[in-house]
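**Student:**
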Amino acid sequence: MWQKLNVTAFIMSGIGGQQDVLGEPYIDGSGNTYLPMSKQPIMIYAATSEQLKELLLKALNKEVNMSIYTEELFNTYNDVDNRAKVAEFDVNDLNLVGIGMIGKKNHVDRLTKGLILHA
2 MWQKLNVTAF
12 IMSGIGGQQD
22 VLGEPYIDGS
32 GNTYLPMSKQ
42 PIMIYAATSE
52 QLKELLLKAL
62 NKEVNMSIYT
72 EELFNTYNDV
82 DNRAKVAEFD
92 VNDLNLVGIG
102 MIGKKNHVDR
112 LTKGLILHA
(Lines of atoms letter the chains of each structure in order from A and count residues from 1; the text may use other names and numbers.)
(Lines give C-alpha, C1' and ligand atoms only; values in the text may rest on other atoms or scores of the structure.)
Protein backbone atom coordinates (compact mmCIF):
# COMPACT_ATOMS: atom_id res chain seq x y z
CA MET A 1 0.00 0.00 0.00
CA TRP A 2 2.76 2.49 0.87
CA GLN A 3 4.22 2.06 -2.60
CA LYS A 4 0.98 3.10 -4.33
CA LEU A 5 0.73 6.16 -2.12
CA ASN A 6 4.40 6.99 -2.67
CA VAL A 7 4.01 6.77 -6.45
CA THR A 8 0.92 8.99 -6.33
CA ALA A 9 2.70 11.60 -4.21
CA PHE A 10 5.79 11.68 -6.40
CA ILE A 11 3.98 11.92 -9.72
CA MET A 12 1.68 14.62 -8.31
CA SER A 13 4.73 16.62 -7.24
CA GLY A 14 5.71 16.70 -10.91
CA ILE A 15 2.25 17.88 -11.92
CA GLY A 16 2.25 20.50 -9.17
CA GLY A 17 5.44 21.96 -10.57
CA GLN A 18 3.65 22.96 -13.77
CA GLN A 19 2.59 26.56 -14.25
CA ASP A 20 -0.89 27.54 -13.09
CA VAL A 21 -1.73 24.22 -11.43
CA LEU A 22 -1.74 25.34 -7.81
CA GLY A 23 -4.30 27.65 -6.27
CA GLU A 24 -3.76 30.21 -3.54
CA PRO A 25 -2.49 29.39 -0.04
CA TYR A 26 -5.09 28.33 2.51
CA ILE A 27 -5.54 30.43 5.66
CA ASP A 28 -7.46 29.13 8.66
CA GLY A 29 -9.59 31.21 10.98
CA SER A 30 -6.61 31.73 13.32
CA GLY A 31 -4.51 33.24 10.53
CA ASN A 32 -2.22 30.23 9.99
CA THR A 33 -1.14 29.83 6.37
CA TYR A 34 -0.96 26.48 4.57
CA LEU A 35 0.46 25.52 1.20
CA PRO A 36 -1.75 25.78 -1.87
CA MET A 37 -3.22 22.68 -3.49
CA SER A 38 -4.24 21.78 -7.01
CA LYS A 39 -7.00 23.89 -8.54
CA GLN A 40 -8.19 20.92 -10.58
CA PRO A 41 -9.54 17.53 -9.51
CA ILE A 42 -7.03 14.68 -9.47
CA MET A 43 -8.27 11.46 -11.03
CA ILE A 44 -6.38 8.28 -10.12
CA TYR A 45 -6.85 5.30 -12.41
CA ALA A 46 -5.75 1.68 -12.06
CA ALA A 47 -3.74 0.25 -14.94
CA THR A 48 -1.57 -2.74 -15.74
CA SER A 49 2.06 -2.23 -16.72
CA GLU A 50 1.06 -2.89 -20.34
CA GLN A 51 -1.67 -0.25 -20.15
CA LEU A 52 0.78 2.23 -18.62
CA LYS A 53 3.28 1.65 -21.42
CA GLU A 54 0.57 2.06 -24.07
CA LEU A 55 -0.66 5.22 -22.34
CA LEU A 56 2.84 6.70 -22.21
CA LEU A 57 3.57 6.02 -25.87
CA LYS A 58 0.25 7.53 -26.96
CA ALA A 59 0.66 10.54 -24.66
CA LEU A 60 4.09 11.36 -26.08
CA ASN A 61 2.28 12.34 -29.29
CA LYS A 62 -0.33 14.52 -27.57
CA GLU A 63 -0.18 17.94 -25.97
CA VAL A 64 0.16 16.65 -22.41
CA ASN A 65 2.93 16.99 -19.86
CA MET A 66 3.83 13.89 -17.90
CA SER A 67 5.67 12.71 -14.84
CA ILE A 68 6.62 9.05 -14.55
CA TYR A 69 7.57 6.66 -11.78
CA THR A 70 9.40 3.42 -12.54
CA GLU A 71 9.93 0.25 -10.51
CA GLU A 72 13.62 1.08 -10.04
CA LEU A 73 12.81 4.27 -8.11
CA PHE A 74 11.65 2.22 -5.11
CA ASN A 75 15.36 1.44 -4.54
CA THR A 76 16.77 4.96 -4.88
CA TYR A 77 16.70 7.66 -2.27
CA ASN A 78 17.35 10.98 -3.98
CA ASP A 79 16.49 12.96 -7.09
CA VAL A 80 19.88 12.55 -8.76
CA ASP A 81 19.74 8.75 -8.50
CA ASN A 82 16.08 8.74 -9.59
CA ARG A 83 16.86 10.62 -12.80
CA ALA A 84 19.93 8.44 -13.45
CA LYS A 85 17.81 5.28 -13.15
CA VAL A 86 15.20 6.57 -15.60
CA ALA A 87 17.97 7.56 -18.04
CA GLU A 88 19.23 3.95 -18.12
CA PHE A 89 16.13 2.81 -20.02
CA ASP A 90 14.81 3.49 -23.50
CA VAL A 91 11.19 4.68 -23.48
CA ASN A 92 10.03 1.25 -24.66
CA ASP A 93 11.85 -0.47 -21.78
CA LEU A 94 10.71 1.72 -18.87
CA ASN A 95 9.29 -0.38 -16.01
CA LEU A 96 6.39 1.97 -15.36
CA VAL A 97 4.38 1.79 -12.15
CA GLY A 98 2.77 5.23 -12.46
CA ILE A 99 2.20 8.11 -14.84
CA GLY A 100 0.91 11.57 -14.05
CA MET A 101 -0.35 13.78 -16.84
CA ILE A 102 -1.79 17.22 -17.30
CA GLY A 103 -3.09 18.75 -20.48
CA LYS A 104 -6.22 19.68 -22.34
CA LYS A 105 -9.17 17.83 -20.85
CA ASN A 106 -10.19 16.25 -24.14
CA HIS A 107 -6.65 14.93 -24.73
CA VAL A 108 -6.37 13.43 -21.25
CA ASP A 109 -9.89 12.00 -21.43
CA ARG A 110 -9.11 10.28 -24.73
CA LEU A 111 -5.86 8.87 -23.38
CA THR A 112 -7.43 7.47 -20.21
CA LYS A 113 -10.60 6.16 -21.88
CA GLY A 114 -11.21 2.57 -20.81
CA LEU A 115 -9.21 2.80 -17.58
CA ILE A 116 -11.10 2.42 -14.31
CA LEU A 117 -10.78 4.68 -11.31
CA HIS A 118 -8.52 3.25 -8.62
CA ALA A 119 -10.46 1.70 -5.75
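Under my numbering, the first residue of the sequence shown is numbered 2, with each subsequent residue one higher.
C-beta: ideal position from N, C-alpha, C; glycine also.
Since the model is a prediction, treat every value here as computed from it, not as a measurement.
1) With H, G and I counted as helix, E and B as strand and the rest as coil, what does DSSP make of Thr34?
2) Do Leu116 and Tyr46 have their C-beta atoms closer together than 8 Å?
3) Report the option in Ser39, Val8, Met2 and Glu89 whose CA atom is closest to the CA atom of Gln19.
4) Looking at the structure shown, is Leu61 part of a helix, part of a strand, or coil, going by DSSP?
5) Helix, strand or coil for Met13, going by three-state DSSP, please let me know.
6) In the structure shown, what three-state DSSP assignment does Thr71 receive?
7) Using a threshold of 8 Å, state whether the C-beta atoms of Ala60 and Leu95 are closer than that.
**Tutor:** Let me spell this out:
1) Locating residue 34 in the sequence shown gives position 33, counting from the first residue. In this structure, Thr34 counts as strand in the three-state DSSP scheme.
2) Stepping through the sequence shown from its first residue, residue 116 is reached at position 115. Stepping through the sequence shown from its first residue, residue 46 is reached at position 45. The criterion of a C-beta distance shorter than 8 Å is satisfied by Leu116 and Tyr46.
3) Here residue 19 is taken as the residue at index 18 of the sequence shown, counted from 1. Checked all of Ser39, Val8, Met2 and Glu89; the closest Cα to Gln19 is Ser39.
4) As a position in the sequence shown, residue 61 is number 60, starting the count at 1. Coil.
5) Here residue 13 is taken as the residue at index 12 of the sequence shown, counted from 1. The three-state reading of DSSP puts Met13 in helix, counting H, G and I together.
6) Locating residue 71 in the sequence shown gives position 70, counting from the first residue. In the three-state reduction of the DSSP assignment, Thr71 falls in the strand class.
7) By one-based count along the sequence shown, residue 60 stands at place 59. By one-based count along the sequence shown, residue 95 stands at place 94. Against a cut-off of 8 Å, the Cβ pair of Leu95 and Ala60 comes out as no contact.
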